[in-house]
Each structure stands twice: as structure tokens, then as C-alpha cells.
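Undergrad: I am attaching a structure below and will ask some questions about it afterwards.
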Amino acid sequence: MDNPIRLHWLDPRDPDQHFPPSHLAMRDPNGLLAIGGDLSIPRMLRAYSQGIFPWYNPDEPILWWCPDPRAVLQPDQMKVSRSLGKSIARKDYAITFDRVFSDVLDACAGARSKSRGTWLGSDMQQAYCDLHEQGHSHSIEIWRKGQLIGGLYGVSVGRVFFGESMFSRANDASKIALYYLCQQLKQWSYELIDCQISSAHLASLGAQEISRNTFLELLAPAVRRPGQSGHWQFDIDVPASAEHLP
């Protein structure tokens, strides 16, 4: 082969093993950095704190990524369109943190299976549930008349929120979840929401692409600053009418 693939292999028996430097990630496919390892809490937290995340299909080995460029959203930079603003102001919904984390995962997995493949398999879901039980992974739920109509989940390390996936069963529901996440993260002095890979949808909400080097420079000090621990609760005003809560 003229261009052999050189991937760093992670030993699943050694959760304390270091990841390779991010600049060694492949250009094609963009950001592929390592293979193997496991989804233990120590390895997952180490990965996220270095801007690395797992992404693979259930029939593949674990793949670790750190793409260049990187899509990020600053909590005070979310774009709210006129129509989204009207949906937010209508307040015909209730919003919660960490109420039904596993249900949000299931909903995101279903949404992904229809659009981008079934990468959020049972092993990945269990890993995020383990992180959630330890207060590292969080969900936001949007409710209407007792039904879960939208939400998102991600991982928190320091003062960075790593957004993983969102779903919507009603108009603007996932965008409303993101809006209130941004409002709360601003209150908590979080510095960055990692959106991983850009899309037209994310760009319309204010996400911007920055180089991997710039992202890692912003990330390093932010993950060392103390963030919110344990299961989250809103300490800003949010719609919480009992009419809509389950």
C-alpha cells in the first residue's frame, strides 16, 4: 500500500492508557485518531477532556475521533430566529434536567437510526448512562401534556458541555432544549459547547467552525475549571407547568 493506515491501538485492559496526540488524527476520514480500548468512565472522561470522542457503528470496533475543523457554540452566541422566538415565548411546554436520561438516549438513537445509521448502540448507551449515574452526562427534556416531545444530551467536563445528540417530536422542541441549555450554561459561566462536526442546522443556530488547534487551546483551560457536579437542576426561570410535566 502506498499510504498505509496508521492507527493507534488502545488496550481495553488499560483504561489509564494515554491517547495519542490529536495532531496525529487522520485527514481521511477526518479526525480518526485511535481504535480499540473500552468505554469505561475514566477513559471516556480522559477522551472528552482532550477533545476526543467515540463514534462507531455497533458492528465495528470502538473508534475515537478528533476532527479538524471543529464546530463549537458559545452559550451566549446562539441564534434565535423569529419563528423559534415565538415557539419559546409560547411556553406551551415544560422543561427539565436529568429527569429521564435513558429515554432521551433511546429517542436520540431512534432519530439517528433513521438519518445517519445506528451508531448509538447498546454499548454506547450504557456508557453514557454510566457517566450519567456519576453526574458527568446530562439530558434536557421538553414535555407537552405529559409526553416527551424533544430533548438533547451530552457530557460535562469542567466548564465545557460536549453535545452528543438531540431529537424532536414536535416543531422546534430540540431547539428549545438547546436554548434553555445555553441560558443555564451562561448562568454557570460555562465557556463552550462542543458540537463536534458542523452542519447547516448547527450553523443556523450559531455554531461556528474553528481549527482543531484553536479548539484544543480553548478546551485545555476550560475543562480544568470547576463545573456543575451531580445531577443538574435549573436555577433560572424555565417553563415548568404541572399541566405539561409527566
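Residues 1222 to 1467 in the working numbering are what the sequence shown spells out, letter by letter.
Where is the CB? At the ideal position from N, CA and C, for every residue including glycine.
Assuming the contact rule is C-beta atoms closer than 8 Å, F1240 and W1276 should be a hit. Round their C-beta distance to whole Å, please.
TA: Not really, about 14 Å apart at Cβ, beyond 8 Å.
Undergrad: Answer yes or no: do H1465 and A1310 have a C-beta to C-beta separation smaller than 7 Å?
TA: No, they are not a contact pair.
Undergrad: If we ignore side chains and look at the alpha-carbon of each, how far apart do R1433 and Q1368 end up?
TA: Cα-Cα distance, rounded: 39 Å.
Undergrad: If you follow the alpha helix (DSSP H) that E1438 is part of, which residue opens it and which one closes it?
TA: First-last of the alpha helix (DSSP H) with E1438: 1433 to 1445.
Undergrad: Using only the alpha-carbon positions, how far apart do D1280 and M1345 sit?
TA: Their Cα atoms are separated by approximately 12 Å.
Undergrad: Ordered along the chain, which non-local residues of its own chain (more than five positions away) have a Cβ less than 8 Å from that of P1282?
TA: Around P1282: I1256, G1257.
Undergrad: Just to confirm the assignment, what range does the beta strand (DSSP E) spanning A1428 have?
TA: Looking at the DSSP string, A1428 is not in any beta strand (DSSP E), and its letter there is neither H nor E.
Undergrad: Using the rule of at least 16 other Cβ atoms within 10 Å of the residue's Cβ for burial, across every protein chain shown, is L1426 buried or exposed?
TA: Counting Cβ neighbours within 10 Å, L1426 comes out buried, since at least 16 surround it.
Undergrad: Straight-line CA distance for P1467 to T1317?
TA: The straight-line gap from Cα to Cα measures roughly 11 Å.
Undergrad: Kindly indicate the opening and closing residues of the beta strand (DSSP E) around M1387.
TA: That run of the beta strand (DSSP E) goes 1381 to 1389.
Undergrad: Taking the DSSP output, what are the residues bridged to F1274?
TA: Paired residues: W1286.
Undergrad: What's the C-alpha gap between K1312 and Q1238?
TA: Spanning the two alpha carbons is a distance of roughly 47 Å.
Undergrad: Hey, quick one: how far does the beta strand (DSSP E) through H1229 stretch, first residue to last?
TA: Taken as a continuous stretch (DSSP letters only), the beta strand (DSSP E) holding H1229 covers 1229 to 1231.
Undergrad: Going by the beta-carbon positions, is the gap between H1359 and W1453 smaller than 7 Å?
TA: Yes, the pair counts as a contact, with Cβ atoms nearer than the cut-off.
Undergrad: In whole angstroms, give me the CA-to-CA distance for D1259 and P1233.
TA: Between D1259 and P1233, the C-alpha separation is close to 5 Å.
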